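Enquirer:
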Amino acid sequence: MTTERLEPALGLKFRDPKLLRQALVHRSFLNEQGGPPTDSYERLEYLGDAVIELTVSTELFRRFPTLSEGELTKSRAALVCGESLARIARRLELGEFLLLGKGEEATGGRRRDSILAAAFESVVAAIYLDQDFDHASRFVLQVMEPELEEFFRQGLPPENPKSQLQEYVQALGRPAPRYRLLSTEGPDHQPVFTVEVTVEDEAVGEGRGGNLADAERSAAEDALGRLLSN
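Position in the sequence shown counted from 1, then plus 16, gives you this note's numbering.
#1: Evaluate Y62 with the Cβ neighbour count: other Cβ atoms within 10 Å of its Cβ, from every protein chain shown; 16 or more gives buried, anything less gives exposed.
#2: For G64, which residues from the same chain have a beta carbon less than 6 angstroms from its beta carbon, with the 5 sequence-adjacent residues on both sides left out?
#3: Smallest Cα separation from R31: which of F113, D148 and T214?
#4: Looking at A152 and I143, is the spacing between their C-beta atoms short of 7 angstroms?
#5: Can you give me the start and stop residues for the beta strand (DSSP E) that F209 sits inside?
#6: What would DSSP say about V41, mapped onto helix, strand or coil?
#7: Would you kindly check if the distance between the Cβ of P193 and the Cβ of R233 is under 7 angstroms?
#8: Of the residues L110, L240 and E87, which one's Cα is nearest the Cα of P24?
#9: Going straight from the alpha carbon of E58 to that of A39, what length do you get?
#10: Out of E216, G241, A219 and E201, which has the shortest C-alpha to C-alpha gap to G226?
#11: Have a look at A229 and E99 and give me their C-alpha separation to the nearest angstrom.
#12: For the pair the segment 65 to 78 and the segment 202 to 209, tell me if three or more CB-CB distances fall below 8 angstroms.
#13: Could you give the distance in angstroms between the alpha-carbon of A180 and the alpha-carbon of G241?
#14: With which residues is E222 paired in a DSSP beta bridge?
#15: Ignore the nearest five residues each way along the sequence and tell me which others in I131's own chain have a CB closer than 6 angstroms to its CB.
#16: So is A135 buried or exposed if we call it buried at 16+ other beta carbons inside 10 Å?
#17: So, helix, strand or coil for R127, using DSSP?
#18: When you compare only the Cα positions, how much space is there between G117 and L83?
#19: Are the beta-carbon atoms of L198 and E216 separated by less than 7 angstroms?
#20: Can you tell me whether DSSP reads T74 as helix, strand or coil?
#21: What does E201 pair with, by DSSP beta-bridge criteria?
#22: Go to T89, then tell me how far its alpha helix (DSSP H) extends in each direction, as first and last residue.
#23: Taking the straight line between their C-alpha atoms, what separation do you get for I104 and G223?
#24: Since L243 and Y184 are thought to touch, with beta carbons under 8 angstroms apart, how far apart are those beta carbons, to the nearest angstrom?
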């Protein structure tokens, strides 16, 4: 795989292209092709997560001098959540460049939020290692601009329905909800996921969405509506 087509999309030229390539290698590819797990993007993912968190934390601290520590933490969590990072990865078309094993490819890994978010974190780490923190931080702020601008317009994010549902059922002394994928329909470029949420093996809600995160959120909203109306 060549990374030459990806570099212009990132607006960067790598001194060591091998770093960018490693940022796109999923463990499943190494399991099939051979190679140690440390050659996958997982170590880079760990480092990139820290770079992104520090960058966003600093930006929030600078732009919102009146927010409390708790509000800053909540805001950062909303901005750097897996769903948000996966959306950025899709804009950059990182999925097209991922190296996946055949099994992971067959089960839709190229469009899975968790893999896309991890790849984005890994690319950020590759930029940091290839250049420096300032370059990596500027890149993060540049590609996150739509998310940041939306947040700056709307203010603090609303409570996530999945968090609300978990808090509600655990306040009743019940275990945390579990989410299960029921089906995936539609073409690869426009899939529709259907998810069921259960509490102690009892189905309490169902939702649909264009990705797993949206479907799970919809299922949580459905469950809250049902549980609160009883």
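Think of the CB as a built atom: it goes at the ideal place given N, C-alpha and C, for glycine as much as any other residue. It should be emphasised that the depicted structure is a prediction, and the values quoted were computed from it without experimental measurement.
Expert: So, to answer that:
#1: Indexing the sequence shown from 1 puts residue 62 at position 46. Exposed is the call here.
#2: As a first step, residue 64 is located in the sequence shown; it is residue number 48 there, counting from the start. For G64, the CB contacts under 6 angstroms within the same chain, skipping 5 residues up- and downstream, are E137, S138, V140 and A141 in chain order.
#3: Translated into positions along the sequence shown, residue 31 becomes position 15. Ranking F113, D148 and T214 by Cα distance to R31 puts D148 first.
#4: Residue numbering aside, residue 143 sits at position 127 when the sequence shown is read from its first letter. Residue numbering aside, residue 152 sits at position 136 when the sequence shown is read from its first letter. In contact: I143 and A152 (Cβ atoms closer than 7 angstroms).
#5: Along the sequence shown, one-based indexing puts residue 209 at 193. Note, F209: beta strand (DSSP E), V208 to V215.
#6: One-based indexing of the sequence shown puts residue 41 at position 25. Per DSSP, reduced to three states, the secondary structure at V41 is strand.
#7: Within the sequence shown, numbered from 1, the residue matching residue 233 stands at position 217. Within the sequence shown, numbered from 1, the residue matching residue 193 stands at position 177. Contact: no.
#8: Taking the sequence shown and counting its residues from 1, the one referred to as residue 24 is at position 8. Of the candidates L110, L240 and E87, the one whose C-alpha sits nearest the C-alpha of P24 is L110.
#9: Translated into positions along the sequence shown, residue 58 becomes position 42. Translated into positions along the sequence shown, residue 39 becomes position 23. So the alpha carbons of these two residues sit roughly 8 angstroms apart.
#10: Your numbering for residue 226 matches position 210 in the sequence shown. Closest option to G226, Cα to Cα, is E201.
#11: By 1-based counting over the sequence shown, the position of residue 229 is 213. By 1-based counting over the sequence shown, the position of residue 99 is 83. Rounded to whole angstroms, A229 to E99 spans 6 angstroms at the Cα level.
#12: Flag = no, the segment 65 to 78 and the segment 202 to 209 do not touch.
#13: Taking the sequence shown and counting its residues from 1, one reaches residue 180 at position 164. Taking the sequence shown and counting its residues from 1, one reaches residue 241 at position 225. The question names Ala, but residue 180 in the sequence shown is Gln. In a straight line, the C-alpha of Q180 is about 11 angstroms away from that of G241.
#14: Counting from 1 along the sequence shown, the entry for residue 222 is found at position 206. Answer is E212, bridged to E222.
#15: Here residue 131 refers to the residue found at position 115 of the sequence shown. Within the same chain, G125 come within 6 angstroms of I131 by CB-CB distance, once the 5 residues on both sides are set aside.
#16: Taking the first residue of the sequence shown as 1, we reach residue 135 at position 119. Answer is buried; the Cβ neighbour count reaches 16.
#17: Taking the sequence shown and counting its residues from 1, one reaches residue 127 at position 111. Assignment of R127 by DSSP, reduced to helix, strand and coil, places it in the helix class.
#18: One-based indexing of the sequence shown puts residue 117 at position 101. One-based indexing of the sequence shown puts residue 83 at position 67. Each residue's alpha carbon lies about 45 angstroms from the other.
#19: Indexing the sequence shown from 1 puts residue 198 at position 182. Indexing the sequence shown from 1 puts residue 216 at position 200. If you check the CB distance, L198 and E216 do not come in under 7 angstroms.
#20: Position 58 of the sequence shown holds residue 74. Note: T74 maps to helix in three-state DSSP.
#21: The residue labelled residue 201 in the question sits at position 185 within the sequence shown. DSSP, once it has assigned bridges, lists V208 as partnering E201.
#22: The count along the sequence shown starts at 1 and reaches residue 89 at position 73. Counting along the chain, T89 sits inside the alpha helix (DSSP H) bounded by residues E85 to L95.
#23: By one-based count along the sequence shown, residue 104 stands at place 88. By one-based count along the sequence shown, residue 223 stands at place 207. If you take the alpha carbons of I104 and G223, they lie about 24 angstroms apart.
#24: Counting from 1 along the sequence shown, the entry for residue 243 is found at position 227. Counting from 1 along the sequence shown, the entry for residue 184 is found at position 168. Contact holds; Cβ gap of about 7 angstroms.
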